[in-house]
Amino acid sequence: MADRPFITCHVLDTISGKPAAGIDVKLKLVSPAKATTAHWTAQTNGDGRVPAWTSSVNINEIVEKVKSELADGEQMVWSLTFDTEAYFGKRKTFWPEVELRFAAQKEEQHYHVPLLLGPWSYTTYRGS
Numbered sequence: 001m002a003d004r005p006f007i008t009c010h011v012l013d014t015i016s017g018k019p020a021a022g023i024d025v026k027l028k029l030v031s032p033a034k035a036t037t038a039h040w041t042a043q044t045n046g047d048g049r050v051p052a053w054t055s056s057v058n059i060n061e062i063v064e065k066v067k068s069e070l071a072d073g074e075q076m077v078w079s080l081t082f083d084t085e086a087y088f089g090k091r092k093t094f095w096p097e098v099e100l101r102f103a104a105q106k107e108e109q110h111y112h113v114p115l116l117l118g119p120w121s122y123t124t125y126r127g128s
């Protein structure tokens with residue numbers, strides 16, 4: 001999949017046991033900070049997945065630019081923010097939003113970040 005974004009994610013609702021559709025997600029490059037001020041947005045689809053990001057800046061173009069400027073051993077830090085309060089409803093979740101920060105290595109071609117989400121807890125891991 002040549003056009004697959006560098007970062008994808010998937011949200012599963014641990015209460016219903018189903019994909020969490022309709023969650024607004026924001027993606028931001030945290031470090032190196034000077035690389036871009038752009039951010040990307042998406043909403044999970046019916047399968048709870050974010051297969052593409054919306055922005056005026058193509059994520060894969062930014063990733064390639066940043067990778068070319070990174071020194072050996074240097075990494076990118078990304079932030080995924082999920083609007084969980086809108087999904088569960090006000091006062092129905094302990095987590096109004098969930099922010100996941102992770103380090104991405106220069107050599108990698110793709111990161112998939114699953115989020116297992118409930119109103120009182122969440123867990124995540126590096127997917128494939």
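Heads up: the sequence shown is residues 1 to 128, going by full-length UniProt numbering.
Beta carbons: idealized from backbone N, C-alpha and C, even for Gly.
Residue i versus the options, residue with shortest Cα-Cα distance
i: valine 57; options: His39, Ile23, Pro114, Pro32; result: His39
i: arginine 4; options: Leu80, Val25, Lys106, Glu61; result: Glu61
i: glutamate 97; options: Cys9, Ala71, Leu117; result: Leu117
i: glutamate 85; options: Lys67, Glu99, Glu64; result: Glu99
i: serine 68; options: Ser79, Pro32, Ala103; result: Pro32
i: tryptophan 78; options: Ala104, Arg126, Tyr122, Lys34; result: Ala104
i: aspartate 72; options: Lys106, Ile59, Thr81, Leu12; result: Lys106
i: glutamate 108; options: Ser55, Asp13, Val66, Lys34; result: Val66
Cut-off 7 angstroms between Cβ atoms - residues of its own chain near residue i, not counting five sequence neighbours on either side
i: phenylalanine 94; result: Pro119, Trp120
i: methionine 1; result: At methionine 1 the pLDDT is 44, less than 50, meaning the model places this residue with poor confidence; the figure from the coordinates comes in the next sentence. None.
i: threonine 36; result: Leu29, Val57, Ile62
i: residue 159; result: Outside the shown range of the chain, which is 1 to 128, sits residue 159, and nothing can be said about it.
Own chain residues within Cβ distance below 6 angstroms of residue i, not counting five before or after
i: isoleucine 15; result: Gly118
i: histidine 10; result: Gly48, Arg49, Pro114
i: glycine 127; result: His112, Pro114
Close beta carbons around residue i, own chain, < 8 angstroms, minus the five adjacent residues each side
i: threonine 124; result: Leu100, Val113, Pro114, Leu115, Leu116
i: isoleucine 59; result: Pro5, Phe6, Ile7, Leu27, Trp40, Trp53
query = Is the region 47–66 in contact with the region 86–98, if contact means three or more CB pairs nearer than 8 angstroms?
reply = Fewer than three pairs of CB atoms, one per stretch, sit closer than 8 angstroms, so the region 47–66 makes no contact with the region 86–98.
task = Please list the segments of the beta strand (DSSP E) lying wholly inside the UniProt domain "Transthyretin/hydroxyisourate hydrolase" (7–127), counting only runs of 3 or more residues, in order along the chain.
result = As for any beta strand (DSSP E) of minimum length 3 sitting wholly inside the UniProt domain "Transthyretin/hydroxyisourate hydrolase" (7–127), the runs are 7–13, 24–31, 39–43, 75–82, 98–105, 111–117, 122–124, ordered along the chain.
message = Using 8 angstroms as the cut-off, can you tell me whether the region 15–26 makes contact with the region 40–47, which would need three or more C-beta pairs spanning the two stretches below that distance?
response = Verdict: yes, contact present.
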